[in-house]
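Chains as they are written, first to last, in my numbering: chain V, 55 to 479; chain S, 55 to 479. Backbone N, C-alpha and C define an ideal beta-carbon position, used for all residues, glycine too. Here the structure is laid out as structure tokens; the discussion comes afterwards.
2 protein chains.
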Amino acid sequence: MIAAPSPRVVETIETMARAARRASRQIVRSSAQQRRAALQAMADAIDEHAADILVANALDLSAADEHGVTGVMRNRLELDRAGIEKLAAAVREIADQPDPLGRIEDEHVRPNGLRVGRMRIPLGVIAMIYESRPNVTSDAAALCVKAGNAIILRGGSEAIHSNRAIAEALRAGLETTALPVDAVQLVSTADRAAIDVLLEQEDSIDLVIPRGGEGLIRAVTAKSRIPVLQHYKGVCHVFVDETALLERAVEIVHNAKVHRPGVCNALETLLVHGSAAPRVLPSIAARLSDAGVELRGCPETVALLPSLPVAPATEADWHAEYLDLILAIRIVPDLEAALDHIATYGSSHTEAIVTEDAGQAEAFVAAVQSSTVLVNASTRFADGGELGLGAEIGISTSKLHAFGPMGANELTTRKFVVFGEGQIR
Amino acid sequence: MIAAPSPRVVETIETMARAARRASRQIVRSSAQQRRAALQAMADAIDEHAADILVANALDLSAADEHGVTGVMRNRLELDRAGIEKLAAAVREIADQPDPLGRIEDEHVRPNGLRVGRMRIPLGVIAMIYESRPNVTSDAAALCVKAGNAIILRGGSEAIHSNRAIAEALRAGLETTALPVDAVQLVSTADRAAIDVLLEQEDSIDLVIPRGGEGLIRAVTAKSRIPVLQHYKGVCHVFVDETALLERAVEIVHNAKVHRPGVCNALETLLVHGSAAPRVLPSIAARLSDAGVELRGCPETVALLPSLPVAPATEADWHAEYLDLILAIRIVPDLEAALDHIATYGSSHTEAIVTEDAGQAEAFVAAVQSSTVLVNASTRFADGGELGLGAEIGISTSKLHAFGPMGANELTTRKFVVFGEGQIR
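Following this line, the structure appears as structure tokens:
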């Protein structure tokens, strides 16, 4: 249970939310050139504040050490000079992307002469609630401002000093531009009740994006009165079809599992067409085993790979997002069975088929209702940068508004614009 | 307070939600031709069940009479032969619209040779919670099926017999087609706890669309764990600019206010440029007054119209959605002041400018962040049919996913589809 928020926290958050709404109304009227200049100023300010950010990061790291945080969790927190340069470089890259706003799409003329189109506009105010990685602070702020939005950032307490220092740099950069400083605000209290208050500001905030563990996302979704774009887990599948080329299947499966096992687009369950299994599975499994991957298979898989250590897979393995060097393997009789497995156990994140049969590829692409569906390519391409969005603020697994990797364009909406000459009904 | 749902209600709703999910997985794989045939069968079945629907409607009407329901509320409930023919005609019209699914958009080739595009797919399962008008039952079902979704309908208790009869007809129509009958289901219990249970089925339902009074929409939004597309009130504005043509301004304002004052795209507050007011306001106001519109004006308006009965407007009038023959009028010094007024008091629904100055029109269109922005046309055009969507399932005033009138296309999402030749990262 979290205690009721103090009046001071309520006032702080409400004031921030109102300031964000005011700022969003100003940014809406800025030009593409002004937003670009603002992002460049934000990037410059990150460079200029590098020393402050390093000092702040050291405070977070020593707190992590005190709490016995090690390994990946500590690595995620750590920033060095090169890391700070990367933050600035990412902001500059976003600055140089095409501007998403103002375009009129789907324009047409109605029988009564009304010219109707849909114009891209910002969403307004976005609240981002996230854990660890301080780079989210600058990435998310840059993407939101690029798309003409104001942002309220609420990072995890483990990175609070780093996040504060980065946000101060971003705001210092904005000071020198035509855009309002309150386009970027950070909730700097570690009080968790601040999140509850934030999620009640439906009049001032248009969208909440939680990014972090499933617990965080479920809690935010349950409490929020504001629309939430979720990013739940990725239980990603590769289906190796009857006609798959051997080498291609081996390389794609290896890359999808081993390249970066801790991320959401990593392969978790391999499905193999029964007719292909004797031909392809031994090579695939040997390659994975050599790379240190623990294999858990259905009975047919175990039988097919007598010389490899394959544990029997249980029902829990089909549901598992290991985020580790573990792979579940199932031999299925045909494409339909693969599709059934994905519909039953998948998380609508990312699935791939390896096949030389165009009809099978088409059937797979049509039937799989996941946010990214690939043919003859690694699941690791389910990423905003790799798919051409420039940068991503997250990967939505809910179908509303945006499904899959989200870039600046996904932080906009469309209004109808109608040009008439006095038409009435 | 609503009592906790009974185990029977929980089981009924959970069973329906699971059946809807299963049905949605089947529809996803149907062809455009199959969906079109299914809609035609649904329309035919409405005609065939006309007698049953009339009997059911009579039950609702006699209950309404017992409860002393009269006027607009009773009219909304009532169906006659012609009304039932209209239900079927609307379904046929939706059947004949272009199919929204399967198109690949934004296709391009990445530097590594991956061909990336975005394919339109259904949202999945939609729950529609609505009040009165039984026509929503068939309209919403048809739009959802058109876009490849399954729908769970929950109408108001005042129309429960009519809704049941219409839903039975739709399902009888589906029986004869390749689509699953459970693509259309109606919650037939009047127990309000059923709504609470429905809003908890986030694993089986992808979107909730409430349509009705603000109380219903706020309650659904507060409780739902599923994304909700709201349709809040329409406090719509017309701004008559300095250069507005007199006759055009008079006709647009009259139409926007008087044509159908009880709907959400009706004009509620008229803003007039100070330099134009002496020239245009007397004629506008006289025309409205003749039509029986009660006028409430700012002090300048009152002073300018000595011969008309204009009550002094209060702060509450600027916020009001009258849905009646009442109009608030404010004279503003310039476009900026009009924009400020709209940003402060508007509901992001629909606003129009009447002007002969292209620069002012452009500035208005760029600055106003409402779902429909019109130049020299009546606010009454903020309607799915009028804007070319064919039919509408509602008008979203939240910016997420869809903003403004929503047709079949707005009941879809997009997945990334990626075609490779063995690419790995």
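Taking the beta carbon of residue i as the centre, do at least 16 other beta carbons fall within 10 Å, making it buried, or is it exposed?
| i | result |
| --- | --- |
| residue 477 of chain V | buried |
| residue 87 of chain S | exposed |
| residue 257 of chain S | exposed |
| residue 55 of chain V | For residue 55 of chain V, the pLDDT reaches just 45, beneath the cut-off of 50, and the residue's location in the model is therefore unreliable, although a value from the coordinates is still provided. Exposed is the call here. |
| residue 178 of chain V | buried |
| residue 119 of chain S | exposed |
| residue 332 of chain V | exposed |
| residue 27 of chain V | In the structure as shown, chain V begins at 55 and stops at 479. Residue 27 of chain V is therefore absent and cannot be evaluated. |
| residue 460 of chain V | buried |
| residue 215 of chain V | buried |
| residue 160 of chain S | exposed |
| residue 361 of chain S | exposed |
Looking at the structure shown, is residue i part of a helix, part of a strand, or coil, going by DSSP?
| i | result |
| --- | --- |
| residue 160 of chain V | strand |
| residue 481 of chain S | Residue 481 of chain S lies beyond the residue range present for chain S, which begins at 55 and ends at 479; the question has no answer from this structure. |
| residue 461 of chain V | coil |
| residue 103 of chain S | coil |
| residue 202 of chain S | coil |
| residue 55 of chain S | Low confidence applies here, because residue 55 of chain S scores a pLDDT of 45, under 50, leaving its location unreliable; read the following figure in that light. Residue 55 of chain S falls in the coil class under three-state DSSP. |
| residue 332 of chain V | helix |
| residue 472 of chain S | strand |
| residue 118 of chain V | helix |
| residue 130 of chain V | helix |
| residue 348 of chain V | strand |
| residue 314 of chain S | coil |
| residue 191 of chain V | helix |
| residue 373 of chain V | helix |
| residue 289 of chain S | coil |
| residue 88 of chain V | helix |
| residue 241 of chain V | coil |
| residue 294 of chain S | strand |
| residue 477 of chain S | strand |
| residue 466 of chain S | strand |
Where does the unbroken beta strand (DSSP E) through residue i begin, and where does it stop?
| i | result |
| --- | --- |
| residue 423 of chain V | Neither: residue 423 of chain V is in no beta strand (DSSP E) and is coded neither H nor E. |
| residue 448 of chain V | 448–450 |
| residue 386 of chain V | 380–386 |
| residue 171 of chain S | 169–176 |
| residue 183 of chain S | 179–184 |
| residue 365 of chain V | 364–366 |
| residue 327 of chain V | 321–327 |
| residue 265 of chain V | 261–265 |
At which residues does the alpha helix (DSSP H) containing residue i begin and terminate?
| i | result |
| --- | --- |
| residue 64 of chain V | 61–81 |
| residue 399 of chain S | 389–399 |
| residue 44 of chain V | Residue 44 of chain V falls outside the range modelled here, since chain V spans only 55 to 479, and no answer is possible. |
| residue 145 of chain V | 135–150 |
| residue 280 of chain S | Where residue 280 of chain S is concerned, there is no enclosing alpha helix (DSSP H), given that its DSSP letter is neither H nor E. |
Does the Cβ-Cβ distance between residue i and residue j come in under 8 angstroms?
| i | j | result |
| --- | --- | --- |
| residue 18 of chain S | residue 261 of chain S | There is no way to answer for residue 18 of chain S, as the model of chain S reaches only from 55 to 479. |
| residue 144 of chain S | residue 192 of chain S | yes |
| residue 104 of chain S | residue 135 of chain S | yes |
| residue 355 of chain V | residue 364 of chain V | yes |
| residue 418 of chain S | residue 381 of chain S | no |
| residue 228 of chain V | residue 237 of chain V | yes |
| residue 285 of chain V | residue 449 of chain V | yes |
| residue 250 of chain S | residue 387 of chain S | no |
| residue 70 of chain S | residue 224 of chain S | no |
| residue 289 of chain V | residue 400 of chain V | yes |
At the 8 angstroms Cβ level, is residue i part of the contact set with chain B, yes or no?
| i | result |
| --- | --- |
| residue 416 of chain S | Protein chains V and S are contained in the structure displayed, whereas chain B is not. |
**OP:** Quick one: which residues of the stretch 309–333 of chain V get their C-beta closer than 7 angstroms to a C-beta of chain S? List them in chain order.
**Re:** The stretch 309–333 of chain V vs chain S, Cβ under 7 angstroms: 309, 313.
Subject >> Residues of the stretch 176–187 of chain V whose Cβ lies closer than 7 angstroms to any Cβ of chain S, in chain order >> reply: Those would be 177, 178, in chain order.
**OP:** Give, in chain order, every residue of the stretch 447–458 of chain S whose Cβ lies closer than 9 angstroms to some Cβ of chain V.
**Re:** Those residues of the stretch 447–458 of chain S placed with their C-beta closer than 9 angstroms to a C-beta in chain V are 452, 453, 454, 455, 456, 457, 458, ordered along the chain.
**OP:** Check distances from the C-beta atoms of the stretch 423–436 of chain V to those of chain S and list, in chain order, the residues that come in under 9 angstroms.
**Re:** So the list reads 423, 424, 425, 426, 427, 428, 429, 430, 431, 432, 434, 435, 436, given in the order they occur along the chain.
Original post:
Using Cβ-Cβ distances below 8 angstroms, what residues of the stretch 158–172 of chain V are close to chain S?
Top reply: Under the 8 angstroms Cβ criterion, the stretch 158–172 of chain V contributes 162, 164, 168, 170.
Original post:
When you check each C-beta in the stretch 460–476 of chain S against every C-beta of chain V, which residues fall closer than 8 angstroms?
Top reply: From the stretch 460–476 of chain S, only 467, 468, 469, 470, 471, 472, 473, 474, 475, 476 have a Cβ closer than 8 angstroms to chain V.
Original post:
Just by C-beta distance, which residues in the stretch 265–289 of chain S are closer than 7 angstroms to chain V?
Top reply: Answer in chain order: 275, 276, 279, 281.
Subject >> Near-chain V residues of the stretch 194–208 of chain S (beta-carbon distance less than 9 angstroms), N- to C-terminal order >> reply: Cβ contacts with chain V: none found.
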